[in-house]
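Participant:
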Amino acid sequence: MKGQRIAQGRLWQRTAVQRTSTRRRTPQARVRRALLYLLVLGIAVFLLFPIYWAAKTAVSPDQEIYATPAAYLPRHFTTQHLANALSDPRFVRSIVNSVIVGASVTVISVLFGAFAAYALGRFQFRGRMSLRYVILAMSIFPNIAILASLYKVLTTTHLYNTLPALIVTYLIFILPFTVWTLASFFQQLPKELEEAAYIDGASSMQTFWRVIMPLAAPGLGATAILAVIAAWNEYLFALSFESDSSNWTVPVMISNIGAQSSAYTIPWGDEMAASLIVMLPVIALVLLLQRWIVAGLTGGSVKG
Amino acid sequence: MSGTARDDAVPGAVPAPSTGPDRRNVLRLGAVGIGLGALLAACGKGNGIGGSTAASSSSSGLPAAPAVANAADAKKFSGSTVATDIPGFGTELATTQQLAKQFEAETGVKIKAIPLPKSTSDAYAADQRLLASGQSSPDVLLVDLIYPPALASYLLDLKGHLTEAEIALTYPNLIAVNTIDSRLVAYPWYGGFGRLYYRTDLLQKYGYTKPPATWTELTTMAAKIQAGEQQANKAFSGYVFQGNAYEGLTCNALEWVASYNGGTFIDGNTVSVDNPNAIAALKLAQGWIGKIAQTSVTTFTEDEAHSAFGAGNAAFMRNWEYAQDLQKGSEVAGKFSVAPLPAGDVKGGTTAAAAGGWAVAINKNSKNQDAAVEWLKYLTSPAAQAYRAVNSSDVPAQPGVAAMSEVQAALPALKEQVIPFARPTQIGAKYNEASTVIFQAVNAMLRGSPVEAGVKKMAADLRELIA
Amino acid sequence: MAPTLVVVAVVAFYPAATTVYQSFTNDTFGGTSAWVGLENYSALIHDTAFWAAVWITIEFTVITVAIETALGMILALTLHKSFAGRGAMRAMLLVPFAIINVVSASIWKLMLNQSYGVFNDLLVGKLHLASAPIDFFGSRGTALLSVSAIDIWKTTPFMALLLLAALQTIPTDIQEAAQVDGAGAIRRFFVITLPYLRPALLVALVFRSLDALRVFDVFYVLFGARADTTTMSIYIEQNIVDFGKVGYGSAISVLTMLLIAVFVILYVGLNARTSR
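Residue numbers (my numbering), protein chains in the order written: chain A, 1 to 304; chain B, 1 to 467; chain C, 1 to 276.
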């Protein structure tokens, strides 16, 4: 079914192409482009300066942090902190734990969220809105408030001090997010899609996997990234539900790092070194997932 | 790219990029590879349960732990496992692990080590959770000096398991703090008292021969030194201490008030802070802010004070004994010394040091009580305390150990006698709330709110609390 | 699908139910527990510390969500355009978000320090915009602004990412149509783009606000238990953990949850009323 949209699109496209190609060459556009790059540069500085500072701290001796005036470049470059972080066997283990928990939570929440969002977003049934709100209600609890009861649940079910404990409890605040976000993306898709697929003979599941999911790729990608990072960053549950250091995740590990520290000193260099090292898997994952976000870009310009 | 019928039927469909899956797959494989590699590496390094062998490589620089004096008794429980809290970080973790290894080797009792979180309040929260739910593990707990009142009902009475002689080895006031309703619920392990650190080179430069004996002297000296030093170094301040709104401020405030003979906020069962001496002490402290201490000192914990002094940006610092580690490597190595805190400039004024420290306790619900007691005895034995004093700078909780020459060599501050004052933990489980009232009020005063009114309100709030 | 939902729902709602029950008792750690009806709640109404916590949390939420939405929108629009290095910029977008919360709070604490922080060094020493080093955490006002700035830095990428993904799903023919029509960029934005962004914007606003109302880590790392910067979550923690007042703390939790629910209802209601 070729909708009127396509015909309209073709018409607009022709005129648009004519207009935009002449527009691009004016000095006005050049100035705008320059301003754009300036803005981009500003954004880059805004995003990255603290990271630079963390990196600088990771490769300088701890005393330089307190040097006045501030040292913008490391005065005495040292790899001691990186070595300290990497040589702590608990550290590598904690990265593995975080990856396991983050990956599991993301896969479960995105898949489940997609199904739920599809049902809630594309079908009409009684109690649809209330179910949506019930799911949302799961995330109004401050983590600290439900901590003690969750602890009891976990100890009773013998999940305490295991990684699945974290996977289950993280779903409490990540699942509502994925369901709602994906529901909003699915909602955006035109209804004609399903009608077209149905006419073409596709079942619900086929429509879901072949039609809806690819189109919602940007939403899926964004949701997956945010779910991973939410799980990665979580500290309170990770601290409270794991007593063995072999079950620690990254945030807990970093707060306990520092082989030479005492009770009152904060090993800044070691902490920053460890933090930067653990950012690498996350950035790798993000680069992986952000392709999905880009994928949506080329849609819309392909007309039959 | 795909140009199929599907594209026509669905405007805006995503053309499957032919290069996409390849790159994605490569990245995926890479991530899995890294993950597997890391997993293998971690397993290969032999992560023991609770990390008891995990850091053995980093503790290889330490000497072997001392022999187990009560090994004969402990061997009776060979084969059982004692789950114990251990400090979770730094040199303390390493020394405690060495002690655990030695104990295991000599007695056959396995030690399952559970590292504590670095933050005291996280550790307290963890203890609270597990005790409230009646867990039997860990058998042995580490408790800060201010926990026993709240946790007492969950802890074993050690009087039935330790001899009089063993109990008498430790400072009496530490025993008193750990005795709730005549039950000794925790045995002191290591301690600490507030000390005054001062820059010997700066004192000499500005014509002073010895550290200040009273707070007024300190204020004058700090002002003069700051005025001189700030010309070259804008970040210099005369005095740094712990002014943030947390337990450490209660310790500092206790020292000021007690040194002015103003009591200890709550003496016995009576709130005593609303007296002229206490008010004078707090006014003095308020007067420092902006004059000899920067306003940011109201956000300082031990670490910030330690760093400021260590970077050469302060003439005086109040901190615990651990800060002597600055002698081993900092801008001020070799240029400072330690003295007792100054006394208040009033009749009956005295030097006052807040008592801090940790103790070892046993979970009442433990299934291995006797084995746990043997471990406790070894952990707190004079030999073990001396070992930790030398190797992880932990101040011993026994005067006999503090007098040992190798301990005094490692921690020179111990040569000075202090007059310790305990925080008002005698009020029981409500101590945390009382401390919060105190430190929040004092923090507000440091940031400018009127002292007399503040003290009056603090006293009223405290009275309401313990009523 | 249904079994998963049931499991998670039980795990989520059982603690909530327990909390509600406990709020009607005077349960204390190490002590006894007895039913006291609404006593905790009436005490809370008069608890100035509680209302101070509510107030500062709401202020924090309003400031951060407003600025993050605006900045996030600007970022998303910028990254939507094609320019050299856009892929790298998109990856960079997530860098602040990828750093562990407590670590980012710590590094900012160092940077904003009065004596040796780099910001004071820039302002006073290099750019001479201020005559004396600023104490960024001194008063309640400056502390709130500082902590908001830190949170904005960290979480704007969250908004930007969601909005960017939403922008990517807008059919470009519609955009081009408007462009041809001669509509200015701003008008185009409000009339064409914004309606498409509305659902994603709503979700982003709701979840960002939920997180801001439940904020704990960044305030705690920076200020600890300071009276004038205690948020609702910190106040709950203080009462339940530090003071052992489980019953009272549970009542605080329940009121906090109700407050958060009110916010959500406001958003959703506002959205329903202004769309169509």
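All residues carry an ideal CB built from backbone N, CA and C; glycine is no exception. From a predicted model like this one, the values you see are computed outputs, not experimental measurements.
Is Asp181(B) buried or exposed, if buried means 16 or more other CB atoms sit within 10 Å of its CB?
Facilitator: Label assigned to Asp181(B): exposed.
Participant: Can you pull the chain A residues whose beta carbon is under 8 Å from the beta carbon of Gly30(C), in chain order?
Facilitator: The contacting residues do not exist; Gly30(C) stays about 14 Å from chain A at best.
Participant: Buried or exposed, going by whether 16 or more other CB atoms sit within 10 Å of the CB of Lys109(C)?
Facilitator: Burial call: buried.
Participant: Output yes or no for whether 8 Å exceeds the beta carbon distance between Gly349(B) and Ser272(B).
Facilitator: Not a contact, by the Cβ cut-off of 8 Å.
Participant: Quick check: is the beta carbon of Thr200(B) nearer than 8 Å to any beta carbon in chain C?
Facilitator: No, Thr200(B) lies away from the interface with chain C (no Cβ there is under 8 Å from its Cβ).
Participant: Are the Cβ atoms of Val110(A) and Leu94(C) separated by less than 8 Å?
Facilitator: Contact flag unset, no.
Participant: What would DSSP say about Pro420(B), mapped onto helix, strand or coil?
Facilitator: Note: Pro420(B) maps to strand in three-state DSSP.
Participant: Check Lys112(B) in the structure and name its three-state DSSP category.
Facilitator: Of the three classes helix, strand and coil, the one that applies to Lys112(B) here is strand, per DSSP.
Participant: Relative to chain A, which residues along the region 294 to 314 of chain B have a C-beta separation below 8 Å, given in chain order?
Facilitator: Listed in sequence order: Thr301, Glu302, Asp303, His306, Ser307, Ala308, Gly310, Ala311, Asn313.
Participant: Can you tell me the Cβ-Cβ gap for Glu406(B) and Ile279(B), rounded? I've got them flagged as a contact below 8 Å.
Facilitator: Contact flag wrong, Cβ pair sits at about 45 Å.
Participant: Return helix, strand or coil for Ala49(C), following the three-state DSSP convention.
Facilitator: Three-state result, Ala49(C): helix.
Participant: Quick one: Cα of Pro15(C) to Cα of Ile146(A), how far?
Facilitator: Distance between the alpha carbons of Pro15(C) and Ile146(A) is about 5 Å.
Participant: Residue range of the alpha helix (DSSP H) that Asn252(B) falls in?
Facilitator: Run containing Asn252(B): 247 to 259, per the alpha helix (DSSP H) assignment.
Participant: Of all the CB atoms in chain C, is at least one closer than 8 Å to the CB of Gly219(A)?
Facilitator: Taking Cβ atoms only, chain C reaches closer than 8 Å to Gly219(A), which makes this a yes.
Participant: Would you call the region 75 to 83 of chain C and the region 30 to 40 of chain A in contact, with 3 or more CB pairs under 8 Å?
Facilitator: Yes, since at least three Cβ pairs between the region 75 to 83 of chain C and the region 30 to 40 of chain A fall closer than 8 Å, the two stretches touch.
Participant: Which partner residues does Met317(B) have in the DSSP bridge list?
Facilitator: Bridge partners of Met317(B): Tyr197(B), Val240(B).
Participant: Cβ closer than 7 Å: which chain A residues qualify as neighbours of Asp217(C)?
Facilitator: Residues of chain A passing the Cβ test: Tyr235.
Participant: Do the region 80 to 92 of chain B and the region 102 to 113 of chain B meet, that is, are 3 or more Cβ pairs less than 8 Å apart?
Facilitator: They touch, by the three-pair rule.
Participant: Looking at Pro148(B): is its Cβ nearer than 8 Å to the Cβ of Val185(B)?
Facilitator: Yes, Cβ-Cβ distance for Pro148(B) and Val185(B) is below 8 Å.
Participant: Of all the CB atoms in chain C, is at least one closer than 8 Å to the CB of Glu464(B)?
Facilitator: Chain C, which has no Cβ nearer than 8 Å to the Cβ of Glu464(B), makes this no.
Participant: With C-beta atoms as the reference, is Gln22(C) less than 8 Å away from Val241(C)?
Facilitator: It is not a contact, given that the beta carbons lie outside the stated cut-off.
Participant: Less than 6 Å between C-beta atoms, sequence neighbours within five positions excluded: which residues of the same chain meet that for Ala441(B)?
Facilitator: The answer, listed in chain order, is Gly454, Met458.
Participant: Would you list, in sequence order, the uninterrupted alpha helix (DSSP H) runs of no fewer than 4 residues that lie entirely inside the region 210 to 235 of chain A?
Facilitator: Listed in chain order, the complete alpha helix (DSSP H) runs (minimum 4 residues) inside the region 210 to 235 of chain A are 217 to 233.
Participant: Out of curiosity, what's the CA-to-CA distance linking Ala91(C) and Val278(A)?
Facilitator: In a straight line, the C-alpha of Ala91(C) is about 16 Å away from that of Val278(A).
Participant: In terms of alpha-carbon separation, which member of Pro188(B), Cys251(B), Ile292(B) lies closest to Ala222(B)?
Facilitator: Nearest of Pro188(B), Cys251(B), Ile292(B) to Ala222(B), Cα basis: Ile292(B).
Participant: Which value, in whole angstroms, describes the spacing of the CA atoms of Gln398(B) and Thr170(B)?
Facilitator: So the alpha carbons of these two residues sit roughly 4 Å apart.
Participant: Identify whether Asp267(B) lies in helix, strand or coil by the three-state DSSP scheme.
Facilitator: Reduced to three states, the DSSP call for Asp267(B) is strand.
Participant: Determine the contact status of Leu174(B) and Gly194(B), defining contact as a CB-CB distance below 8 Å.
Facilitator: No. Outside cutoff.
Participant: For the region 146 to 162 of chain C, which residues have a CB atom closer than 8 Å to at least one CB atom of chain A, in sequence order?
Facilitator: So the close ones are Trp153, Pro157, Phe158, Leu161, Leu162.
Participant: DSSP state of Leu145(C), grouped into three classes?
Facilitator: Leu145(C): helix per DSSP, three-state reduction.
Participant: Let me check understanding here. Comparing Cα to Cα, which of Ala285(B), Ser392(B), Val373(B), Val140(B) lies closest to Lys159(B)?
Facilitator: It is Val373(B).
Participant: Specify, as a first and last residue, the run of the beta strand (DSSP E) that Trp358(B) falls within.
Facilitator: Run containing Trp358(B): 353 to 362, per the beta strand (DSSP E) assignment.
Participant: Assuming contact is defined by CB atoms lying nearer than 8 Å, are Ala204(C) and Ile150(C) in contact in what I supplied?
Facilitator: Not a contact, by the Cβ cut-off of 8 Å.
Participant: So the alpha helix (DSSP H) Ala44(A) belongs to, where does it begin and stop?
Facilitator: Here the alpha helix (DSSP H) through Ala44(A) covers 27 to 58.
Participant: Using three-state DSSP, classify Val68(B) as helix, strand or coil.
Facilitator: Val68(B) falls in the coil class under three-state DSSP.
Participant: Pull up the distance between the alpha-carbon of Ser156(B) and that of Ile362(B), whole angstroms please.
Facilitator: It is Leu, not Ser, that sits at residue 156(B) in the sequence shown. About 5 Å.
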